[in-house]
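Residue numbers (our numbering), protein chains in the order written: chain E, 69 to 814; chain Y, 5 to 166; chain C, 228 to 519.
The structure appears right after this line, and notes come after that.
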Amino acid sequence: MSVPRKEGRDKVTGQAQYIDDMSLPGMLYGATVRSRIPRGKIINIAFGSGVPWDEFVVVSAKDIPGQNCVALIVDDQPCLADGVVNHPEEPILLLAHPNRHLLPKAVEAVSIDYDSLPALFTIEESERCAEIIWGKDNTFKTYLIEKGDVDSVWAKADYIVEGEYTTGAQEQLYIENNGVIASFDPEQGITLWGSLQCPYYVHRALRKLFDLPEEKVRVVQTETGGAFGGKEEYPSMIAGHAALLAMKSGRPVKIIYDRMEDMAATTKRHPSRTRHRTAVSREGKILGGEIEFTVDGGAYTTLSPVVLSRGAIHAGGPYDWPNFRLRAKAVATNAPPHGAFRGFGAPQSLFAMERHMDRIAAVVGRSPVEIRKRNFLKTGQTTTTDQTINEPIDLEGLLDRGLALADYHRKKDRFRQENASGTRKKGIGIATFLHGAGFTGSGERYLSSEVAVEVCADGGVRILVSSTEFGQGTKTVLCQIAAETLGLLYEDVEIAQPDTQQVPNSGPTVASRTVMVVGKLVQSAAQGIRETLTKSGSLRDGYSREEFRDSCRNYVAQRGKLVSWSRYRPSEDVFWDDEKYRGAAYAAYAWAVYIAEVTVELTSYSVSVNDFVALQEVGKVLHPVLARGQIIGGVAQGIGYALYEKVSWQKGRMQNGQMTNYIMPTSADVPTIRVYFEELGNVHGAFGAKGIGELPMDGPAPAIVNAIEDALSVPFDSVPLLPEVIFEKMIASSTNTSSPIPNGVR
Amino acid sequence: MNTSRAHCEVSLTVNGRPAKVRAYSMERLLDVLRHQLGLTGAKEGCGEGECGSCSVLMDGALVNSCLVPILQARGTNIVTIEGIAQGPRLHKLQQAFLECGGAQCGICTPGMILAACHLLDKSPRPNLEEVREGLAGNLCRCTGYMQICEAVLQAAGSEAGR
Amino acid sequence: MRSDPAGYELVAPESLQAVVLLLAAEPGEWLPIAGGTDVMVQYAAGTLSARKLVSLWNLPELRRIEVFDNEVRIGAGCTYTDIQRHEVLRREFPLLTTAARWTGGIANQNRGTLAGNIVNASPAADSLPALLVYEAELILVSARGERRARYVDFHTGYKKTQLAPDELIRTVCLSRQFVRYLSNARKVGARNAQAISKVCIAALGRVDQGVVEDIRIAVGSVAPVPLRLLQTERVVKGQRIDHHLVLRAKQSAVEEIRPIDDIRSTAAYRAAVSGNLVAEFLEKLAGSVSEA
């Protein structure tokens, strides 16, 4: 049922309070002095003339009471650079002043002398190790996934198909820039309000930075204007900065980035390079293959091991690989660290997989549809990590339905004819894929998420979770789940603002886990309320909504609080081996077929997407409007990833860090996206739901690039695919006389 | 710098009410609305007139308030998102946004609704293409635009393009 | 927002005359600002070197469009929305009204002015090629009086114009002689709306008895200034349009322009697309012949 968004009215009336809408009495504004070079030693810092420095608060690494790091996985990233810098825009000093208008000039007036060191900017440069910029060999993390005996397949193959596929960085481009307000009290500790996804990540990071116990750090999430992963780990950095200034000044401090700073200094999607080598039978069946999957992590570890993991596990797509080897690595470069962005490694490796499937089709001489059907996973088969697919997913049926919805075959024929003449070439392309919901492997077990539901004096219930709303519908769907579980109306359920002082740690709001994992915990916590009320004798079987509300009111009046807790319990049948990197990587997969129809206009080499079919199996759709909104929004971001969103780098620094020059799609660029759902249920998710937040990010880029190849008969293996690149390749291929089928051997 | 010349008194109408502000002549209308008048509905998403989240109506014309010096707003009639609803009753566009999923994170929503108001004012029964064009100066990262366009079409009472 | 408002002064005189006198009294001291869609972006980025600004916004003398028998006069303060709405402009100068529709989004069209765009002198501005092919003339005003200048002479180099420090553009004059021309305008940007152009073309042509009687082609974003392709026009004028001529015209266009690699695009792409746009226009012109 599509109930109204919980916080919707505030949003459409302009009442919703985002962090920059808030201030505290006596508040200062903070700003960051950042490195201008990619790598080197700091020799000297001078404070230039023309600035009333005595009015400013200045913070450096020396002011950090605890550990100078942004706590995450490996803790190698300093909160403030101390003597060395490893990427452009690395934070070095913090300034604060009551007048926010004085800060930009003050930042400019700090002049820093460096002894530059050689820096690395690409995956290839990092691999060559001519310079070691991190660890022993510039490598943050590696994984090896093996299945069967891949070395034996080459001899039996009728075809060996190779390909190399690359993806560029992508900026999350939430319309609300990063921002926080911090206050510090020597007795009470730190309070931090901000635009963020994971209050407990920030909590942990501040504890470490300040060496404070749990109860002396309080983190509150304010209304958040978009996140998409860009506010998963980054807020720990800006929160640390604001809190340091608050500590030193004794006043609350607000730091809000402007767009230029946010784009240049914060995380982006990891650039990637994937190399495929696949042994294929005459009929087009994959006998086995090797994949080398590499991501560029930027200057510090941050979340790269996890991005790498997800990308590696998804690299084989929804296909049966009897024999398989994948080597994955995350390497260091001297760019601002790359980070979480919707999809989190899977858009990268699935782009490669789906492009490669079309390449296999071309080499073998079969259609993209046939090749996929021949290789789809079937119930009872295992993934590349040896996870058995237990649910009755029928990928061939799903593909057929998608093809029918897209009118694929008729269009493909018609386009072939129409493309014979004229300057507009049309094409249609497919991507079939999967996306695992929840944390990978033993991640959910490690998170050990906790949820509470409490009874309110007015007869309703309130949900207490650290899961945050940033547009995807957390508040709405979790309240719906509780209401449905208890037989209440949606209006009877509230949800508390994520405040670490008030709510338990239900885990980060990432990995498409909120509805599925946290929702299920909300369900069980709500059930706990009902059980207690029933046991107390105040609630009969088959109660009405009014009876429930009376029961709550009476309980509170007579006995005070009633809170029910629920903690994540790993399922017996979901087992993952962290050592061998094998087993059930995810409790549930959503499956999808995306089909893109494009027109390439050869006068300008511009691509427009004319029609887009997004068909996915998602367990259960709990809120049709929100679910559709997630898919359409994700597809739009995927269209941007494929065709528009290029980050121009120069020596590790983003050159086009303005909305004028970093191109995201407008309403005139996004076509009608047709969304369809199928529901197979999911025992591991609330009411059978699977996670869907990231799924729509995986399909658009390969579907679109496959469509472009269909239109032009020229293959492209990289995104973003800009008209300039199409132009160059078409000119090159028209002067090239070699075979149009690339890289087929035998 | 003669600061008394740099400050100015600007009288204007905001959401139907007279307002008088004292500000530097080059203060942005966006900042005056947000900081002096407490109308934080208009947002700063880019500061360069690209995202439209600062959009307001100035004498009936949609403008990016981050690009308007307050002095140029002297004597004008400004409408912000806070002035769209009729007291407790929501404007039909606001209602439609709620029903159709037009707002996700909400940060673009004030500007988007004002842009839609502006569109419907000039073109009361637009088709889908016209809605897309009319909103093309307002960026949304969450929705992919479709549910926004559907909300506008619903509010306009036209089924065209659905 | 990287500038401190306290460090800037904006004044808004009530009349054009008052503005002109101020510019005369302190030439080079006051930067005129109309709709602010260029100046305010620089201001927010902290790159605006001017500290004193004089507002031209909504001056009645500047914000009017007058229609005479032989010319239309567009006041310098007319916004892109004003231009799009004007019936005579839409009918007789579609290259300009089309470009107006492409310049930024609606909010920026409601504020950006034609003269502001001219003075900002970006070679990527969408409406400037239209002014070239319409052979626009400018009326410039200062305390010393008025003068009329051909628009084609106005840009002296990248982001440089003929404008004297005490001068303003008062009017853009368009001669009403293009009604029977076929017109073609095209903009190639990074996306469908609100994009700075990578290449844009404005072209007019008239064909009589199969022969090109007159042809005017101007391209933006391919040189330091908006460029009229005079050499290419010479190749085409007086000829019949056939496949061979189209190729020669394309070749000529590519030779005439001086595109660069920059943050938005590449020289090679701009050159190829310019050639394609010229060819597209000629094909459209040739097609119009068979309709006669």
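Cβ coordinates follow ideal geometry from the N, Cα and C atoms, glycine included.
When DSSP labels each residue in this structure, what does residue i get in the three-state scheme?
i: C266(E); result: coil
i: S716(E); result: coil
i: E507(C); result: helix
i: Q289(E); result: strand
i: C400(C); result: strand
i: I809(E); result: Interpretation of I809(E) is limited by its pLDDT of 42, a score under 50 that renders its predicted location unreliable; no figure is taken from the coordinates.
i: M5(Y); result: With a pLDDT of 42 at M5(Y), under the threshold of 50, the predicted position of this residue should be treated as unreliable, though the coordinate-derived value follows. M5(Y) falls in the coil class under three-state DSSP.
i: W284(C); result: coil
i: Y235(C); result: coil
i: Y592(E); result: The question names Tyr, yet the displayed sequence has Ser at residue 592(E). The answer is helix: DSSP assigns S592(E) an H, G or I state.
i: N68(Y); result: strand
i: S492(C); result: coil
i: P259(C); result: strand
i: A519(C); result: Residue confidence for A519(C) is low, a pLDDT of 39 falling below 50, so the modelled location carries little weight; the figure read from the coordinates is stated next. In this structure, A519(C) counts as coil in the three-state DSSP scheme.
i: G495(E); result: strand
i: Q90(Y); result: strand
i: F361(E); result: strand
Determine, using beta carbons only, whether residue i and residue j come nearer to each other than 8 Å.
i: T401(E); j: N419(C); result: no
i: Q540(E); j: Q698(E); result: yes
i: V661(E); j: T500(E); result: yes
i: V439(C); j: V463(C); result: yes
i: R77(E); j: T544(E); result: no
i: F361(E); j: A414(E); result: no
i: T728(E); j: E52(Y); result: yes
i: G651(E); j: W644(E); result: yes
i: D440(E); j: N774(E); result: Looking at the sequence itself, residue 440(E) is Arg, so the reference to Asp does not match. Going by C-beta atoms, R440(E) is not nearer than 8 Å to N774(E).
i: L118(Y); j: L33(Y); result: no
i: S676(E); j: P791(E); result: no
i: G304(C); j: L316(C); result: no
i: I46(Y); j: S69(Y); result: It is worth fixing the name first, because residue 46(Y) is Ala in this sequence and not Ile. Yes, Cβ-Cβ distance for A46(Y) and S69(Y) is below 8 Å.
i: G587(E); j: F409(E); result: no
i: G108(E); j: Y182(E); result: yes
Rounded C-beta distance between residue i and residue j? I'm assuming under 8 Å.
i: R403(C); j: V247(C); result: That pair is no contact at about 28 Å.
i: Y307(C); j: G263(C); result: In fact, because the Cβ distance is near 13 Å, the residues do not count as touching under 8 Å.
i: F680(E); j: A655(E); result: Not confirmed; about 29 Å, so no contact.
i: E214(E); j: R393(E); result: 5 Å
i: L280(C); j: I260(C); result: 5 Å
Is it buried or exposed for residue i, if we count other Cβ within 10 angstroms and need 16 for buried?
i: Y235(C); result: buried
i: K629(E); result: exposed
i: D393(C); result: buried
i: M732(E); result: buried
i: M69(E); result: exposed
i: A250(E); result: buried
i: N245(E); result: buried
i: V138(E); result: buried
i: A472(E); result: exposed
i: T100(E); result: buried
- request: Return the residues of the segment 290-308 of chain E that lie within a Cβ-Cβ distance of less than 9 Å from chain Y, sorted by chain order.
  value: E291, T292, G293, G294, A295, F296
field: Near-chain Y residues of the segment 231-245 of chain C - C-beta to any C-beta below 9 Å
entry: D231, P232, A233, G234, Y235, E236, L237, V238, A239
- request: Check distances from the C-beta atoms of the segment 716-738 of chain E to those of chain C and list, in chain order, the residues that come in under 7 Å.
  value: S716, Q723, N724, T728, N729, I731, P733, T734, A736, D737
- prompt: In chain order, what residues of the segment 109-123 of chain E put their CB closer than 9 Å to some CB of chain C?
  reply: none
field: Interfacial residues, the segment 76-90 of chain E to chain Y, with Cβ spacing under 9 Å
entry: G76, R77, D78, K79, V80, T81, G82, Q83, A84, Q85, Y86, D88, D89, M90
task: Could you list the residues in the segment 504-534 of chain E with a C-beta less than 7 Å from some C-beta on chain Y, going in chain order?
output: none
query: Taking a cut of 8 Å between CB atoms, which residues from the segment 333-349 of chain C lie near chain Y?
result: I333, A334, N335, N337, R338
- prompt: According to a CB-to-CB cut-off of less than 9 Å, which residues of the segment 136-159 of chain Y neighbour chain E?
  reply: R136, E137, G138, L139, A140, G141, N142, L143, C144, R145, C146, T147, G148, Y149, M150, Q151, I152, C153
query: Any residues in the segment 149-171 of chain E with a beta carbon nearer than 7 Å to a beta carbon of chain C? Which ones, in chain order?
result: H169, L170
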